[in-house]
Amino acid sequence: MNIIVCIKQVPDTAEVRINPETGIVIREGVPSIINPFDMHAIEAGLQIKEKVGGKVTILTMGPPQAENALRDAISMGADDAVLLTDRAFAGSDTWATSYILSSAISKINADIIICGKQTIDGDTAQVGPEVAEFLNIPHISYIRRVEDITESSIKVQRLMDEGYDLVESTLPVLLTVVKELNEPRLPSLRGKMAAKKAQIKKWGLSDIQVDENKLGLKGSPTQFKNIFAPEAKKDRMMIKGKPEEQVDALIQEMRRLKCL
Amino acid sequence: MPVIIDIDKCKGCEECLSSCPFDAIVIKEGKAFINEYCQACMACISVCPEGAIIEVEKEVPKSKDIQSYKGVWVFAEQRGGKVASVSYELLGAGRRLSDELNTELSAVLFGASDSKAQELIRWGADKVYMSKDQIFERFNDEPYSELLSSLINEYRPEIVIAGATPIGRSFIPRVAAKIRTGLTADCTSLAVDKETGNLLQIRPAFGGNIMATIFCPNNRPQMATVRPRVMKRGEYDEDRTGEIINVKADDISSRTRVLDTIKEVSEISTNLQEADIIVSGGRGLGTPNGFELLKELAGLLGGTLGSSRAAVDAGWIPYSHQVGQTGKTVCPKIYIACGISGAVQHLVGMQSSDIIVAINKNPEAPIFNVATYGIVGDLYEIIPLLIKKIKETKGIGN
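Residue numbers (this note's numbering), protein chains in the order written: chain A, 195 to 454; chain B, 1119 to 1516.
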């Protein structure tokens, strides 16, 4: 079984600081990690391979340093890794990103494609379903359990608002996964050695079949108009004094508003 | 890149570095340089004291004639034959947009009955495109995206909005991919640009305390998902009439199949969205035990427990308590934020609460920008006092 796991390198939000003047995140010096949801996607890929056999390929698109994320994934046990990197890909929105990823997936060929449900930097949850559409294969979102898998079909639990659905699909299929699915494994010593030696394939514009007008900023339907700091609320009051006085004042206010 | 640096003007002063939310400007050999992280958000342009950062007009292939797209569409989702309440909220927002654009508001309803379509009209729709085909009773991404895409191609609406629910977030991206147009997830505000007629879609940008306006100038329709409980419902009018159009779904099939739907309603999440009082904790609690203290306060006030993403990620409290962009959107009468710094992702989930009380050690914490009452202090000092005094006023002994 050919399994492809799509991952993204993101800034570690636990380490993010904010510039108090501009309200903008300071990314300088913030360590990069594999998007946490994608860790569960990697684990899911490895577990499927262990069950039915096959090969796990990790795919990412990003700047050259995203290679580190791919090596981390190999240290967990993935067999192969591909980095899509080219200036022409830069600035792609979810549409263009999905288009590029799907072209690479077509070249590799896959029975199962696994993605995290969303990234923690973009939070859109759009790339997985869009990739499935470009590949013209079915997808199932928010997988919290894989119940059964055979050569030609898969049965999973899909997390919904008020419980879950039991969903069956033919293969090939794309799955997006939630954290409840599994506990990502730690890299093994052997994995770390493999990661060091691994040859990461680097694919640029000329390595995949894409229409240049559908890539990067130029090929992205959505654009930023501006970014701004949210306005502060109007009726605001800072309660000053010693803790005792602060609490008294707060209780008084809450009483005045009939909240107590 | 549509944003470039005029190397002759750049003095390498580094002013622009901190203005970039994407860390896309680096200094090389004493000059600023824009790398591939750039998203052309334009934030740096006004910051440069030398005027060395310039926007370059980009050549965009104009897609299909945009002017021929008219009307606002709301995808009204149903679960078990019942229309989700977010659909009525979207009709409120859609009505406002369509009035501004002087155009029709239509709803799209799959897998529900005529009476439900009638309800959508009473909530503001002029037209309802509906299919009662059995294939839509349960949610499968392929048939939903296939029929919605073909309806869009046939009727050409200029705007399509849907709920940012598990259903909307899953199949709407397929539609956008299929018809080659832009989609903005989890919008907190939608407005029409008076000059161009473009839909301005506002959502939190990455991290920090910052919002982004996103637009889709060259493709139609303009698509967005909106989180439940963010938009206000419109007026309900019992006597409102409209047109119901039954659409065919003959050639539509699905490679996925829902075998069963299992209900597992978490009491907490229902409580959170309906609670009058929420006591919420964040990273500032420092330890999972902090939630025990908050639980006591919530119990006294007859409220329930919420949390920020940081506390959930730290494993201190289950995800079902999470308030914010990737958790629940809440609007209780009182929201008490304890040790929550107030990243914009959290704020969008709670800032419409009637009264917000913020307790935080850091006087600079952005949570104070939205707090009705702000207390700078140690929550481990303030909360126990608050608990003690509330008990006194209620006549409960220790």
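Even glycine gets a Cβ: it sits at the ideal position worked out from N, Cα and C.
In the DSSP assignment, residue 358 of chain A falls within the unbroken beta strand (DSSP E) covering 357-364.
Contact check for residue 320 of chain A against residue 1158 of chain B fails: the beta carbons are separated by 8 Å or more. Residue 281 of chain A counts as exposed, since fewer than 16 other beta carbons sit within 10 angstroms of its beta carbon.
At least one beta carbon of chain B lies nearer than 8 Å to the beta carbon of residue 420 of chain A. Its Cα nearest to that of residue 327 of chain A, the residue A:295 stands out among A:272, A:313, A:295. Here residue 336 of chain A is buried. Its C-beta has 16 or more other C-beta atoms within 10 Å. Judged by their CB atoms, residue 1400 of chain B and residue 1246 of chain B are not nearer to each other than the 8 Å cut-off. The segment 1402-1419 of chain B and the segment 1348-1362 of chain B do not touch, with fewer than 3 CB-CB distances between them shorter than 8 Å. Taking a contact to require three or more Cβ pairs closer than 8 Å, the segment 1272-1286 of chain B and the segment 1197-1204 of chain B qualify as touching.
Straight across, the Cα-Cα distance linking residue 1300 of chain B with residue 1508 of chain B is about 51 Å. Listed as beta-bridge partners of residue 1191 of chain B by DSSP are B:1224, B:1278. If you ignore the 5 residues before and after residue 376 of chain A, its C-beta comes within less than 7 Å of the C-beta of 234, 237, 238, 241, all in its own chain and listed in chain order. Taking 8 Å as the upper bound for CB-CB distance, residue 362 of chain A and residue 1374 of chain B are in contact here, some 7 Å apart.
A:330 is the residue among A:414, A:330, A:339 whose C-alpha sits nearest the C-alpha of residue 305 of chain A. Around the Cβ of residue 1350 of chain B, a 10 Å sphere holds fewer than 16 other Cβ atoms; the residue is exposed. Close to residue 1260 of chain B, with beta-carbon spacing below 7 Å, are these residues of chain A in chain order: 332. With respect to residue 1379 of chain B, residue 1213 of chain B sits apart: the two C-beta atoms are not nearer than 8 Å. A residue is called buried once 16 or more other Cβ atoms fall within 10 Å of its Cβ, and residue 1463 of chain B is buried on that count. Exclusion of the five residues before and after residue 1452 of chain B leaves 1395, 1473 as the residues of its chain whose Cβ lies within less than 6 Å of its Cβ.
Non-local C-beta neighbours of residue 1328 of chain B in its own chain, meaning closer than 7 Å and more than five positions away in sequence, comprise 1139, 1462, ordered along the chain. Under a criterion of Cβ atoms nearer than 8 Å, the residues of chain B adjacent to residue 324 of chain A are, in order, 1291, 1292, 1294, 1295. The C-alpha of residue 431 of chain A is placed about 51 Å away from the C-alpha of residue 1273 of chain B.
Contact with chain A is absent for residue 1349 of chain B, since none of that chain's Cβ atoms lies less than 8 Å from the residue's Cβ. Given a length threshold of 3 residues, each whole run of the beta strand (DSSP E) inside the segment 1286-1316 of chain B is given here in chain order: 1301-1305, 1307-1310. Nearest CB-CB separation between residue 1468 of chain B and chain A: not below the 8 Å threshold. For residue 1157 of chain B, the secondary structure class from DSSP, reduced to helix, strand or coil, is coil. Using a 10 angstroms sphere on the CB of residue 410 of chain A, the tally of other CB atoms reaches 16 or more, which defines it as buried. Every unbroken stretch of the beta strand (DSSP E) spanning 3 or more residues and falling wholly within the segment 1335-1416 of chain B is given here in chain order: 1340-1344, 1361-1364, 1374-1381, 1395-1399. Excluding the 5 residues flanking it on each side, residue 265 of chain A has same chain C-beta neighbours closer than 8 Å at 275, 389, 390, 392, 394, in chain order.
For the set A:197, A:284, A:422, the Cα lying nearest the Cα of residue 309 of chain A is the one of A:197.
Taking 8 Å as the threshold, the shortest C-beta distance from residue 356 of chain A to chain B falls below it. Of A:230, A:366, A:339, A:354, the smallest CA-CA separation from residue 206 of chain A is found for A:230.
Annotated three-state conformation of residue 289 of chain A is helix, per DSSP.
Contact annotation for residue 441 of chain A against chain B: 1500, 1503, 1504, 1507 [CB-CB distance below 7 Å, chain order].
Taking every protein chain shown into account, the CB of residue 385 of chain A has 16 or more other CB atoms within 10 angstroms, so this residue is buried. In chain order, 348, 349 place their CB closer than 8 Å to the CB of residue 342 of chain A, counting only its own chain and leaving out the 5 sequence neighbours on each side.
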